[in-house]
Amino acid sequence: MEMAFTVRLLLLLIPSFFGVPISVFSQTDGKVAVDAYLSATAGNNSSWLSPSGDFAFGFRQLENKDLFLLSIWYAKIPDRTIVWYANGDSPVAPKGSLVNLTANDGLVLTSPQGQQLWKSETIVGVVAFGVLNDTGNFVLEDDNSESLWETFKNPTHTMLPGQDIEKGGKLSSQQSETNFSKGRFQLRMQDDGNLVLNSINLPTEFANKPYYASGTTGESNSSTAGTKLEFNSSGYMYVLRENGQKFNLKAQTVSARSYYLRATINFDGVFAQYSYPKNSNGNGSWSLVWSLPDNICRMEVDSGLGVCGYNSVCTLKSERPTCECPSGFSLLDSNDPYGDCKPDFIQGCEEDEPSPTKDIYEVQVLINTDWPTSDYMQLKPFTAESCNESCFADCLCAVAIFNDETCWKKKLPLSNGRLDSELNSQAFIKVRKGNSTLQVPQLPRPYDKKRKKPDHIDTRGISTSGRTG
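Under this note's numbering, the sequence shown has 23 at position 14, and the numbering climbs by one with no breaks.
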């Protein structure tokens, strides 16, 4: 006991003798001693490495040089792609923050003022050491090398080979490509054995209907119900059923021996597996192996946003969605291309009264474009010309969609917009003529109070390492 105390005391005193933190000393076996710490300091690139050096755990400095992200990343890839980060609800740590490995509380992240920002979940037992494995899993272990807590069981947006998600577990997307706060999309392993992708209505956890489901509920036979999602060491991802059979998410994969692999739920809701050649000499890049769903622009949310913001149109390009405002509309926030589009004019029955409709509006026609959940009236049988005229004369109508002798009249805001060649439809959009355009006050999203300030710009400066597609 006395000897252990002496060793611990020496470990604490060594840094003061040399004037450097304990975190900068060589650490090649992946193990981290209790009382070791890392500091969020500009220019301090210290981290804890896995034995192979493939992964690192530490603070990542962000574009805003005073902000840091406590995270795990691929250390040998030039862009140092992040695969896990702490405190998804409020992940940013200010300059001067510390993360300490403690015996009773595990990892503890504190601000420069000593305020606790995050800690690993309640630890049952006493932590003897931490270890960053070559799988990318950071594990807190006791004296018997039993796991007390690990990042693989507390994932954020990414899975790695050797990791699984059991019933009740989930991945959550980032809020945007440059914002690591919890986003609108989730991958969940439901209690009924079904693996689903769904959006949520922030700031709540209310889950909208899934836009992908594995169908592994076992409704007809309980032995076929899913038990967990596995990402095995060979690179295959599947739902493991109660009877031991596997439901493969996709058939294709690449060799985990030759490639780094990861599966990430992106900020735009696409769940995808990516590969990166290990022997790339710094010239490689992440390549898409497969993605789910096949076309996310076709997802529909009954009460909330689709992939893109209100009044926007989703188009699939290279397996990923892009969003665009129709003519006569512009982004509510120019820094958020996936956000809401606002009309650049005022439309309404009172506003239209002074002049005949034909004098102030013109109609723009879009082919194969629809906002399928925003209609307030259906007219059938109808012609395309009658559909156009009906909307044009209706002061409540903003857009009319015509397809198969049916006319759907819609009000603003429009949601779940998409461009899709399979729609075989026409969209008639009423837009004020150029000399009748009026400025409209910007409308905030109900879940984001910051958007109530039109001139607000996100100053958190969070940068994404490794574009995910």
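Just so you know, even glycine gets a beta-carbon here, dropped at the ideal spot from N, CA and C.
Residue range of the unbroken alpha helix (DSSP H) whose run includes residue i
i	result
alanine 402	393-402
Beta-carbon separation (whole angstroms), residue i vs residue j, contact threshold 8 Å
i	j	result
lysine 400	lysine 418	Residue 400 is actually cysteine in this sequence, not lysine. 6 Å between Cβ atoms; contact.
isoleucine 132	aspartate 114	6 Å
arginine 250	threonine 225	6 Å
phenylalanine 338	cysteine 350	4 Å
tryptophan 299	lysine 259	4 Å
asparagine 412	leucine 388	Not quite, the Cβ-Cβ distance comes to about 12 Å (not below 8 Å), so this is no contact.
aspartate 353	arginine 427	Not a contact, Cβ separation roughly 22 Å.
glutamate 309	threonine 236	Between threonine 236 and glutamate 309 the Cβ distance is about 30 Å, and since that is not below 8 Å, they are no contact.
proline 164	tyrosine 220	Actually they do not touch by this definition, with Cβ atoms about 20 Å apart.
valine 92	leucine 169	6 Å
tyrosine 268	asparagine 257	With a Cβ gap of about 18 Å, tyrosine 268 and asparagine 257 do not count as contacting.
aspartate 151	valine 135	6 Å
Bridge partner(s) assigned by DSSP for residue i
i	result
alanine 42	Phe138
leucine 116	Leu110
threonine 239	Sequence inspection shows glutamate at residue 239; the threonine mentioned does not correspond to that position. Asp173, Tyr247, per the DSSP bridge assignment.
proline 335	The partner list for proline 335 (beta bridge, DSSP) is empty, contrary to what the question assumes.
valine 440	Glu371
phenylalanine 147	Leu141
serine 48	Leu107
threonine 167	Thr273
proline 330	Leu325
arginine 197	Lys179, Val205
glutamine 435	Ile376, Phe411
glycine 67	Ser80
serine 185	Asn188
leucine 58	Ala65
cysteine 350	Leu340
leucine 423	According to DSSP, leucine 423 bridges with nothing at all.
tyrosine 319	In the DSSP output, where bridge partners are listed per residue, tyrosine 319 has none listed.
Classification of residue i by the beta-carbon crowding that lies within 10 angstroms, buried from 16 upward
i	result
threonine 273	buried
threonine 392	exposed
asparagine 344	exposed
glutamine 261	exposed
valine 101	buried
tyrosine 385	exposed
glutamate 239	buried
phenylalanine 34	Annotation note: pLDDT 41 at phenylalanine 34 (below 50); position unreliable, no value reported.
cysteine 406	buried
glutamine 195	buried
glutamine 373	exposed
cysteine 358	exposed
asparagine 188	buried
glycine 97	buried
aspartate 376	For the record, residue 376 in the displayed sequence is isoleucine; it is not aspartate. Classification for isoleucine 376: exposed.
threonine 213	exposed
phenylalanine 64	buried
serine 59	buried
alanine 402	exposed
aspartate 430	In the sequence under discussion, the amino acid at residue 430 is serine, which differs from the aspartate named in the question. Serine 430 should be labelled exposed.
glycine 39	buried
Element boundaries [beta strand (DSSP E), containing residue i]
i	result
glutamate 159	156-159
isoleucine 91	91-94
isoleucine 81	76-83
tryptophan 299	296-301
glutamine 124	Where glutamine 124 is concerned, there is no enclosing beta strand (DSSP E), given that its DSSP letter is neither H nor E.
phenylalanine 215	Taken as a continuous stretch (DSSP letters only), phenylalanine 215 belongs to no beta strand (DSSP E), as it is neither H nor E.
glutamine 373	370-376
tyrosine 285	280-286
tryptophan 417	415-419
phenylalanine 354	From DSSP, phenylalanine 354 is part of no beta strand (DSSP E); its letter is neither H nor E.
methionine 386	384-388
asparagine 257	255-257
Contact set for residue i: own chain, Cβ-Cβ below 6 Å, skip 5 residues either direction
i	result
leucine 107	Tyr46, Ser48, Thr119
glutamine 448	Unreliable positioning characterises glutamine 448 in this predicted model, as indicated by a pLDDT of 42, which lies under 50. The coordinate reading is nonetheless provided below. Around glutamine 448: no qualifying Cβ.
tyrosine 245	Thr262
isoleucine 161	First, the residue type needs correcting, since residue 161 is phenylalanine and not isoleucine in the sequence shown. For phenylalanine 161, where only same-chain residues beyond five positions count, the Cβ hits under 6 Å are Asn146, Gln172.
glycine 192	Ser182, Gln183, Gln184, Phe276
arginine 480	As displayed, the chain neither begins before 10 nor continues past 478, which places residue 480 out of reach and without an answer.
phenylalanine 77	Ala49, Phe68, Gln70, Ala102
threonine 331	Thr324
serine 232	Glu251, Asn252
serine 61	Asp143
Cutoff 8 Å; reference residue i; Cβ partners in own chain excluding five residues on either side
i	result
glycine 105	Ser48, Ala49, Thr50, Ser120, Pro121
alanine 234	Asp201, Gly202, Thr225, Thr226, Gly227, Arg250, Glu251
alanine 409	Cys396, Asn397, Ser399, Cys400, Cys416, Trp417, Lys418, Lys419, Ala436, Phe437
serine 294	Tyr285
cysteine 334	Asn320, Ser321, Val322, Leu340, Cys350
Test: residue i CB closer than 9 Å to a CB of chain E
i	result
glycine 348	Protein chain content of the structure displayed is limited to a single chain, and chain E is not contained in it.
Beta-carbon contacts of residue i that lie in its chain and below 7 Å, excluding the five residues immediately before and after
i	result
lysine 287	Ser267, Tyr268, Tyr269
proline 422	Tyr319, Asn320
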